[in-house]
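Down below is the structure, laid out as structure tokens.
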Amino acid sequence: MADGIVVRDLNAWFGSAHVLHGISVTIAPKAVTAVIGPSGCGKSTFIRCLNRMHEVVPGARVAGSVRVEGTDVYAPGVDPVQVRRKIGMVFQKPNPFPTMSVFDNVVAGLRLGGVRERSVLDEAAERALRQAALWDEVKDQLGKSGVSLSGGQQQRVCIARALAVEPEVLLMDEPCSALDPIATAKIEELILELRSTLTIVIVTHNMQQAARVSESTGFFLMGELIEFGVTRGLFTNPRDKRTEDYITGRFG
Amino acid sequence: MKPRTRRVLNVVMSWLSALAAVLVVLPLLLIFGFLLWQGASAVNVDFFTHLPKPVGEVGGGMANAIVGTLILLALAAALGLPIGILGGLYLADSRDARLPWVARFLADVLNGVPSIVVGIFAYTVVVLPMRRFSALAGAFALAVIMLPIVVRTSEELVRLVPASLREAALALGIPQWKVLLRVVLPTARAGIITGVMVAIARVAGETAPLLFTAFGNRFWHQTLDQPIAALPLQIFAYAIAPYDDWHRQAWAGALVLIGLVFTVSLAARVVTSGRFTGVR
Numbered sequence: 008m009a010d011g012i013v014v015r016d017l018n019a020w021f022g023s024a025h026v027l028h029g030i031s032v033t034i035a036p037k038a039v040t041a042v043i044g045p046s047g048c049g050k051s052t053f054i055r056c057l058n059r060m061h062e063v064v065p066g067a068r069v070a071g072s073v074r075v076e077g078t079d080v081y082a083p084g085v086d087p088v089q090v091r092r093k094i095g096m097v098f099q100k101p102n103p104f105p106t107m108s109v110f111d112n113v114v115a116g117l118r119l120g121g122v123r124e125r126s127v128l129d130e131a132a133e134r135a136l137r138q139a140a141l142w143d144e145v146k147d148q149l150g151k152s153g154v155s156l157s158g159g160q161q162q163r164v165c166i167a168r169a170l171a172v173e174p175e176v177l178l179m180d181e182p183c184s185a186l187d188p189i190a191t192a193k194i195e196e197l198i199l200e201l202r203s204t205l206t207i208v209i210v211t212h213n214m215q216q217a218a219r220v221s222e223s224t225g226f227f228l229m230g231e232l233i234e235f236g237v238t239r240g241l242f243t244n245p246r247d248k249r250t251e252d253y254i255t256g257r258f259g
Numbered sequence: 186m187k188p189r190t191r192r193v194l195n196v197v198m199s200w201l202s203a204l205a206a207v208l209v210v211l212p213l214l215l216i217f218g219f220l221l222w223q224g225a226s227a228v229n230v231d232f233f234t235h236l237p238k239p240v241g242e243v244g245g246g247m248a249n250a251i252v253g254t255l256i257l258l259a260l261a262a263a264l265g266l267p268i269g270i271l272g273g274l275y276l277a278d279s280r281d282a283r284l285p286w287v288a289r290f291l292a293d294v295l296n297g298v299p300s301i302v303v304g305i306f307a308y309t310v311v312v313l314p315m316r317r318f319s320a321l322a323g324a325f326a327l328a329v330i331m332l333p334i335v336v337r338t339s340e341e342l343v344r345l346v347p348a349s350l351r352e353a354a355l356a357l358g359i360p361q362w363k364v365l366l367r368v369v370l371p372t373a374r375a376g377i378i379t380g381v382m383v384a385i386a387r388v389a390g391e392t393a394p395l396l397f398t399a400f401g402n403r404f405w406h407q408t409l410d411q412p413i414a415a416l417p418l419q420i421f422a423y424a425i426a427p428y429d430d431w432h433r434q435a436w437a438g439a440l441v442l443i444g445l446v447f448t449v450s451l452a453a454r455v456v457t458s459g460r461f462t463g464v465r
């Protein structure tokens, strides 16, 4: 434990397009790390490499090593299903399962993972929904369709769904980009509460958001990790000219 | 364009498309009306409860044919649906470059094969080895006809399920096969059921492939490896016979057949319209 995520010489491709170039970085455990950069710079691809979701896209390929809490997730014989179980993921657009109720959505990972006892599921659902700061809002409508909630609530259902399987790491891919400022504030509050128990990596387009929630920040540009460091330092005193240009709004 | 012209054009086009919609359902209404007019008088309790009377006697019913058609449809569905739906799932989800393409092409060709040819095929591979006409052979022929419809509609519907749902499930650490069976298929369910109903309705009225497979039977069938009666066969036999009473019963049979398909479709819709539906 307490290793965090150690990435060494990570390269990724979509077909023949080389989208990540030799990324090496160490992400601290039980902390929030933000990944920023302009569209198409590879930040989403980067976090999708951490839980082996990159390879789900046809033609996608990865090389290099990623160690999460001491386990090399790309070692031969490692089952991507087991990797993903330990590393939760929240996506850009809320994507609750439309055929399931709120409750069924939250416990989907457990139930489809073979957990049957009702008491275990009940407990896990309540715990995850409380963690996602959604329990008080939905405790009386657990049987309602997951897609009948508001966008912000749907996104928190998705966060609860990821938390219910008790992952060690939570990856968030622009989790607030489809939400209004109030829902965004709730999710950010949530991130700050969760960081004591989880390693969180969040991709964001919003630099204020990165500044508000993260301890460390990495700046990606055209598939390369340009700069990585303590968030305050990176924003107030960037070492690289390109980072400075980006955070001062000169491009991107 | 002037606002006035635009408004007039809007009204005209709205009416034209409404008229087109009416024209689409008109043939069905006409057929149904004509069947009611011709056949309703012969539909009575006897028709549903009695066997056909011997030649020359008036009355009797098609009870055996109604039950026979239901049995044939159930058997054909049991054979064709699992294969068709799983096949569609494979076609929609496979990353293989060649096999899905070939399978898709062949399914489309099979869809265009005349049903009598499917009957000959079933005759060759089921009737000849068994040395008798049977319900099984009839159901086999109907299943072959259902297969391409079910495969292609399932594939299309599974494709409509957003990739984001699949990714959400995979990212939870759910194995691929469970993602497909427990998340993707249920999301596509409502649409797949529509496709299945279309396939069942299509084969419910098939006559040609049953001629030399199920063969027909004027009595109750004993076992599934015996010839079995079916409504389309009975309608065919009665319609070409020279007796007025049989003609009336043929019309009644056609009416009951349409009613049957209608009821089965409706029932499937009601039973399977779960609380939450995905893509349609």
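Quick note, the sequences are listed as chains A and B, same order. Per our numbering, the very first residue in the first sequence carries number 8; after that it's consecutive. Per our numbering, the very first residue in the second sequence carries number 186; after that it's consecutive. Even for Gly, the Cβ is constructed at its ideal location relative to N, Cα and C.
Endpoints, alpha helix (DSSP H) assigned at residue i
{"i": "Met179/A", "result": "Per DSSP, Met179/A belongs to no alpha helix (DSSP H); it is in the beta strand (DSSP E), 176 to 180."}
{"i": "Arg134/A", "result": "125 to 138"}
{"i": "Met214/A", "result": "214 to 220"}
{"i": "Val122/A", "result": "Per DSSP, Val122/A belongs to no alpha helix (DSSP H) and is neither H nor E."}
{"i": "Leu19/A", "result": "Note on residue identity: the sequence assigns Ala, not Leu, to residue 19/A. It is not in any alpha helix (DSSP H) - Ala19/A instead sits in the beta strand (DSSP E) that spans 12 to 21."}
{"i": "Ile166/A", "result": "158 to 170"}
{"i": "Leu418/B", "result": "416 to 424"}
Within 8 angstroms, strictly: CB atoms of residue i and residue j
{"i": "Leu451/B", "j": "Gly224/B", "result": "no"}
{"i": "Glu195/A", "j": "Gln161/A", "result": "no"}
{"i": "Ala132/A", "j": "Arg163/A", "result": "no"}
{"i": "Val73/A", "j": "Leu17/A", "result": "yes"}
{"i": "Val364/B", "j": "Arg374/B", "result": "no"}
{"i": "Leu445/B", "j": "Ala415/B", "result": "no"}
{"i": "Gly153/A", "j": "Pro103/A", "result": "yes"}
{"i": "Gln411/B", "j": "Tyr423/B", "result": "no"}
{"i": "Leu266/B", "j": "Leu327/B", "result": "no"}
{"i": "Cys165/A", "j": "Val97/A", "result": "yes"}
{"i": "Val172/A", "j": "Gly95/A", "result": "yes"}
{"i": "Ala288/B", "j": "Ile385/B", "result": "no"}
{"i": "Val303/B", "j": "Ile330/B", "result": "yes"}
Limits of the beta strand (DSSP E) - the one that residue i falls within
{"i": "Val75/A", "result": "67 to 75"}
{"i": "Val26/A", "result": "24 to 34"}
{"i": "Leu232/A", "result": "231 to 237"}
{"i": "Thr250/A", "result": "Run containing Thr250/A: none in the beta strand (DSSP E); it sits in the alpha helix (DSSP H), 248 to 254."}
{"i": "Leu228/A", "result": "223 to 228"}
Inter-residue CB distance, residue i and residue j (contact presumed, cutoff 8 angstroms)
{"i": "Thr250/A", "j": "Glu234/A", "result": "5 angstroms"}
{"i": "Leu418/B", "j": "Thr392/B", "result": "6 angstroms"}
{"i": "Arg168/A", "j": "Ala115/A", "result": "6 angstroms"}
{"i": "Phe53/A", "j": "Phe227/A", "result": "7 angstroms"}
{"i": "Ala282/B", "j": "Ala399/B", "result": "Actually they do not touch by this definition, with Cβ atoms about 40 angstroms apart."}
{"i": "Ile30/A", "j": "Thr206/A", "result": "Actually they are not in contact, since the Cβ atoms of Ile30/A and Thr206/A sit about 17 angstroms apart, beyond 8 angstroms."}
{"i": "Pro333/B", "j": "Ala389/B", "result": "17 angstroms between Cβ atoms; not a contact."}
Which of helix, strand or coil DSSP assigns to residue i
{"i": "Ala375/B", "result": "helix"}
{"i": "Ser319/B", "result": "coil"}
{"i": "Ala190/A", "result": "helix"}
{"i": "Gly240/A", "result": "helix"}
{"i": "Thr338/B", "result": "helix"}
{"i": "Arg283/B", "result": "coil"}
{"i": "Pro237/B", "result": "strand"}
{"i": "Leu96/A", "result": "Note that residue 96/A is Met in the sequence shown, not Leu. Reduced to three states, the DSSP call for Met96/A is strand."}
{"i": "Ile268/B", "result": "helix"}
{"i": "Ala206/B", "result": "helix"}
{"i": "Leu274/B", "result": "helix"}
{"i": "Ala41/A", "result": "strand"}
{"i": "Thr309/B", "result": "helix"}
{"i": "Phe404/B", "result": "coil"}
{"i": "Ile359/B", "result": "coil"}
{"i": "Gly49/A", "result": "coil"}
{"i": "Leu409/B", "result": "coil"}
Per-residue burial, residue i [other beta carbons within 10 Å of its own, 16 or more giving buried]
{"i": "Ala41/A", "result": "buried"}
{"i": "Met8/A", "result": "Caution is warranted here: a pLDDT of 47 is assigned to Met8/A, below 50, making its placement in the model unreliable, and the coordinate value is therefore given only provisionally. Met8/A comes out exposed."}
{"i": "Asp111/A", "result": "buried"}
{"i": "Asn229/B", "result": "exposed"}
{"i": "Gly11/A", "result": "buried"}
{"i": "Asn402/B", "result": "buried"}
{"i": "Gly272/B", "result": "buried"}
{"i": "Asp180/A", "result": "buried"}
{"i": "His25/A", "result": "exposed"}
{"i": "Val69/A", "result": "buried"}
{"i": "Tyr253/A", "result": "buried"}
{"i": "Asn195/B", "result": "exposed"}
{"i": "Trp431/B", "result": "buried"}
{"i": "Thr254/B", "result": "buried"}
Any chain C beta carbon closer than 8 angstroms to residue i
{"i": "Ser349/B", "result": "Within the model displayed, chain C is absent; protein chains A and B are what it includes."}
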